[in-house]
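K.L.:
The sequence shown runs 521 to 957 under our numbering. Glycine included, each C-beta is placed from N, C-alpha and C at the ideal position. This is the structure, below, for whatever I ask next.
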Amino acid sequence: MRIVLGVGGGIAAYKVASLLRLFTEAGHDVTVIPTEAATRFVGVATWEALSGHPVSNSVFDAVHTVNHVRLGHEAELIVVAPATADLLARAATGQADDLLLNTLLMAGDCPVLMAPAMHTEMWQHPATEANVETLRSRGVTVLEPASGRLTGADSGPGRLPEPEAIFTAAMALAGAAASAASAAMPAVKADMDTAPAAGPAAAQPAVPPLAGLTVTISAGGTREPLDPVRFLGNRSSGKQGVALAAAASAAGARVRLLAAHMEVPAPAGVELVQVETALELREAALHAAADSDVVIMAAAVADFRPADVAGTKIKKRDDVADPVINLVRNPDILRELVEVRDAASRNQLIVGFAAETGDAGGDVLDYARDKLRRKACDLLVVNQVGRDLVFGEDTNSVVILSRDGSEPQEASGSKSDVAAAVIDRISAELSRAVPPA
Ligand SMILES: Cc1cc2nc3c(=O)[nH]c(=O)nc-3n(C[C@H](O)[C@H](O)[C@H](O)COP(=O)(O)O)c2cc1C
Numbered sequence: 521m522r523i524v525l526g527v528g529g530g531i532a533a534y535k536v537a538s539l540l541r542l543f544t545e546a547g548h549d550v551t552v553i554p555t556e557a558a559t560r561f562v563g564v565a566t567w568e569a570l571s572g573h574p575v576s577n578s579v580f581d582a583v584h585t586v587n588h589v590r591l592g593h594e595a596e597l598i599v600v601a602p603a604t605a606d607l608l609a610r611a612a613t614g615q616a617d618d619l620l621l622n623t624l625l626m627a628g629d630c631p632v633l634m635a636p637a638m639h640t641e642m643w644q645h646p647a648t649e650a651n652v653e654t655l656r657s658r659g660v661t662v663l664e665p666a667s668g669r670l671t672g673a674d675s676g677p678g679r680l681p682e683p684e685a686i687f688t689a690a691m692a693l694a695g696a697a698a699s700a701a702s703a704a705m706p707a708v709k710a711d712m713d714t715a716p717a718a719g720p721a722a723a724q725p726a727v728p729p730l731a732g733l734t735v736t737i738s739a740g741g742t743r744e745p746l747d748p749v750r751f752l753g754n755r756s757s758g759k760q761g762v763a764l765a766a767a768a769s770a771a772g773a774r775v776r777l778l779a780a781h782m783e784v785p786a787p788a789g790v791e792l793v794q795v796e797t798a799l800e801l802r803e804a805a806l807h808a809a810a811d812s813d814v815v816i817m818a819a820a821v822a823d824f825r826p827a828d829v830a831g832t833k834i835k836k837r838d839d840v841a842d843p844v845i846n847l848v849r850n851p852d853i854l855r856e857l858v859e860v861r862d863a864a865s866r867n868q869l870i871v872g873f874a875a876e877t878g879d880a881g882g883d884v885l886d887y888a889r890d891k892l893r894r895k896a897c898d899l900l901v902v903n904q905v906g907r908d909l910v911f912g913e914d915t916n917s918v919v920i921l922s923r924d925g926s927e928p929q930e931a932s933g934s935k936s937d938v939a940a941a942v943i944d945r946i947s948a949e950l951s952r953a954v955p956p957a
């Protein structure tokens, strides 16, 4: 695949050398276009040696090849990393003052992925937020930056996602664009017999299905404290929620991951909100849902919590009777999210997860249908759980039930496969949804 790798003038430019290696080692032909500021961080020699191509940042170099037109037309994928605040602003306003910006304007239906990196203040500035919004609304996939240590002593959202994460998102975007293009093929071919040749206006940008949308996903298992050292927990590893976050991110969404206890790291590029208990998750979920287009509640939330939490470690004593743990019910977060959404007439898709076990009273699907009726969410992803089933495993097998009563949909395979199926189903539901009047 012919890739244009734009490099912005940020401190993280050095990490993009590793990204370039990932692309070339995977067999892709990469032309690097560093901005002028980028070359103050990493020199042209590095990009030329690693890419095997001459490197320029001016439209006035190699004028006989009209570089920006050629690169824009030939590129099958454009990746910009680090996308600085300045570069995002220039791209959002359609400036064409260097080779990279000209190439972006010439790129037509080529998928474009931008990986921002900057200080948190710059990332959260309304001007940057508006520029990101504009780019996303035009079909550009703008990844969320990772959270963590920034250039100085400060930390927060603004780090460049790791090269491997950008590579994965870029490949997913290129794959999605290629399948969208091939799905459109037969119609185009059929039309060609009768319709006149399509002009440039007919070219449709390959818009990732969740581009411009905010998706909140909860993952992992809550822990309900008993005393400062003990808690009631569950076996959830967080793998399915993390796979969903990665899939939603690859589908172009801005992803917010509400992470209870997880055994796996959050994918880079998502906004991470750490929680411990069901009550903390409730608060984070209600807050996050206020500006989310999709909410997926995949965390294993404790139904009950200890009624009393001891301030000091509960001691084992011979002169005192063994303690009895009294439990109280936790709030029903999924149900509450649906109620808040409906009360606000918000256009939002809410997806629940049900981990069920069958018993003499009914099988897993019976209990799941009952849960869907009670919760009134739009989709319910159901899996059968048990000691060796689902929790902590790398594979999963689910049935997706819909509130509209449509045929249950099965999905199985790796947790990434299941996540992709759930995100595809959500995309399909959203594309069917009637916009509010
Ligand atoms: C040491 C240093 C580090 C910088 N890091 C960043 C950064 O990470 N993100 C950013 O948006 N700007 C950063 N800047 C500011 C940009 O270099 C500046 O806005 C520049 O005009 C961006 O150029 P570009 O549009 O070619 O990327 C940094 C500047 C300096 C001097």
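#1: Hey, could you find the ends of the beta strand (DSSP E) arginine 923 is sitting in?
#2: Where do the ends of the alpha helix (DSSP H) carrying glutamate 545 lie?
#3: Flag this pair as yes or no: are the beta carbons of valine 860 and valine 901 separated by less than 8 Å?
#4: So, helix, strand or coil for glutamine 868, using DSSP?
#5: Among the candidates Ala766, Val795, Met782 and Glu796, whose CA atom is the shortest distance from the CA of alanine 788?
#6: Under a Cβ-count criterion, where at least 16 other Cβ atoms within 10 Å of its own Cβ denotes burial, should aspartate 813 be classed as buried or exposed?
#7: When DSSP labels each residue in this structure, what does leucine 570 get in the three-state scheme?
#8: Please confirm whether leucine 663 and alanine 635 have their CB atoms less than 8 Å apart.
#9: So, is threonine 991 buried or exposed, given that buried needs 16 or more other C-beta atoms within 10 angstroms?
#10: Ligand 1 and isoleucine 531: does the residue's C-beta get closer than 7 Å to at least one heavy atom of that ligand?
#11: Residues in the same chain with beta-carbon distance under 6 Å from aspartate 617, minus the five sequence neighbours each way, listed in chain order, please.
#12: I'd like to confirm something about glycine 761: is its beta-carbon nearer than 7 Å to some heavy atom of ligand 1, or not?
#13: Does the distance between the C-beta of leucine 607 and the nearest non-hydrogen atom of ligand 1 fall short of 7 Å?
#14: Helix, strand or coil, according to DSSP, for serine 578 in the structure here?
#15: Please classify glycine 881 as buried or exposed, where buried requires at least 16 neighbouring CB atoms within 10 angstroms.
#16: Just verifying my parser: in three-state terms, what is the DSSP assignment at valine 749?
#17: Using a 10 Å radius around the Cβ and a threshold of 16 neighbouring Cβ atoms, would you call alanine 721 buried or exposed?
#18: Is there contact here, the stretch 673-681 with the stretch 640-653, by at least three beta-carbon pairs under 8 Å?
#19: Is proline 745 close to ligand 1? I mean its beta-carbon at under 7 Å from any heavy atom of the ligand.
#20: Using a Cβ-Cβ cutoff of less than 7 Å, which residues in the same chain neighbour proline 728 once the five nearest sequence positions on both sides are dropped?
#21: Have a look at the DSSP bridge pairing and note the partners of proline 677.
#22: On the three-state DSSP scale, how would you describe methionine 691?
#23: With 16 as the cutoff for other CB atoms within 10 Å, does arginine 610 come out buried or exposed?
#24: Determine the burial state of lysine 835: buried for a count of at least 16 other Cβ atoms within 10 Å of its Cβ, exposed for fewer.
#25: By Cβ distance below 6 Å, which residues in the same chain neighbour alanine 605 in space, the five residues on each side in sequence not counted?
#26: Closer than 7 Å: is that where the CB of threonine 742 sits relative to any heavy atom of ligand 1?
#27: Could you check what DSSP says for methionine 817 in three-state terms: helix, strand or coil?
#28: Regarding glycine 758 and ligand 1, is the C-beta to nearest heavy atom distance less than 7 Å?
#29: CB of proline 602 to nearest heavy atom of ligand 1: below 7 Å?
#30: In its own chain, which residues sit with a C-beta less than 7 Å from the C-beta of alanine 768, not counting the 5 before and 5 after it?
#31: For alanine 798 and glutamine 904, what's the separation of their Cα atoms in angstroms?
#32: In its own chain, which residues sit with a C-beta less than 8 Å from the C-beta of proline 851, not counting the 5 before and 5 after it?
#33: With DSSP collapsed to three states, give me the class of asparagine 903.
#34: Using CA atoms only, rank isn't needed, just tell me which of Lys895, Val536 and Ala820 is closest to serine 757.
#35: Drop a sphere of 10 angstroms on the beta-carbon of isoleucine 845, count the other beta-carbons inside from all chains shown, and report buried for 16 or more, exposed for fewer.
P.N.:
Well, looking at it:
#1: Premise fails: arginine 923 is in no beta strand (DSSP E) and is neither H nor E.
#2: Its alpha helix (DSSP H) spans residues 536-545.
#3: Contact: no.
#4: Per DSSP, reduced to three states, the secondary structure at glutamine 868 is coil, with no helix or strand assignment.
#5: Alanine 788 has its Cα closest to that of Ala766, out of Ala766, Val795, Met782 and Glu796.
#6: When all chains shown are included, aspartate 813 counts as buried.
#7: Annotated three-state conformation of leucine 570 is helix, per DSSP.
#8: In terms of Cβ geometry, leucine 663 and alanine 635 form a close pair [threshold 8 Å].
#9: The displayed coordinates of the chain run from 521 to 957. Any statement about residue 991 would go beyond what the structure contains.
#10: Answer for isoleucine 531: yes, Cβ within range of ligand 1.
#11: Nothing meets the Cβ criterion.
#12: Result no, Cβ not under 7 Å from ligand 1.
#13: Flag set: Cβ of leucine 607 near ligand 1.
#14: Coil, per DSSP.
#15: So glycine 881 counts as exposed.
#16: When DSSP states are grouped into helix, strand and coil, valine 749 belongs to the coil group.
#17: Low confidence applies to alanine 721: its pLDDT is 35, below 50, so where it sits in the model is not reliable enough to give any reading.
#18: In short, these stretches touch, since the Cβ pair count reaches three.
#19: Outside the cutoff, so no.
#20: Excluding its 5 nearest sequence neighbours in each direction, proline 728 has C-beta neighbours in its own chain below 7 Å: Thr661, Leu693, Ala696, Ala771 and Gly772, listed in chain order.
#21: Proline 677 pairs with Ser667.
#22: In the structure shown, methionine 691 adopts helical secondary structure according to DSSP, grouped into three states.
#23: Taking a 10 Å sphere around the C-beta of arginine 610, we find 16 or more other C-beta atoms and assign the residue as buried.
#24: Around the beta-carbon of lysine 835, fewer than 16 other beta-carbon atoms lie within 10 Å, marking it exposed.
#25: The beta carbon of alanine 605 is closer than 6 Å to those of Met638, Met642 and Thr648 in its chain, skipping five residues each way along the sequence.
#26: For threonine 742, the shortest C-beta to heavy atom distance toward ligand 1 is 7 Å or greater.
#27: Strand at methionine 817.
#28: In this structure, glycine 758 has its beta carbon at no less than 7 Å from each heavy atom of ligand 1.
#29: Yes, the beta carbon of proline 602 sits closer than 7 Å to at least one heavy atom of ligand 1.
#30: Residues Leu730, Val735, Ile737, Val775 and Ile943 of the same chain have their beta carbon placed closer than 7 Å to that of alanine 768, with the five preceding and five following residues left out of the count.
#31: Inter-residue distance for alanine 798 and glutamine 904 is about 22 Å (C-alpha atoms, whole angstroms).
#32: The residues are Ala798, Leu799 and Arg802.
#33: Correct three-state label for asparagine 903: strand.
#34: Nearest Cα to serine 757 within the set Lys895, Val536 and Ala820: Ala820.
#35: That one is exposed.
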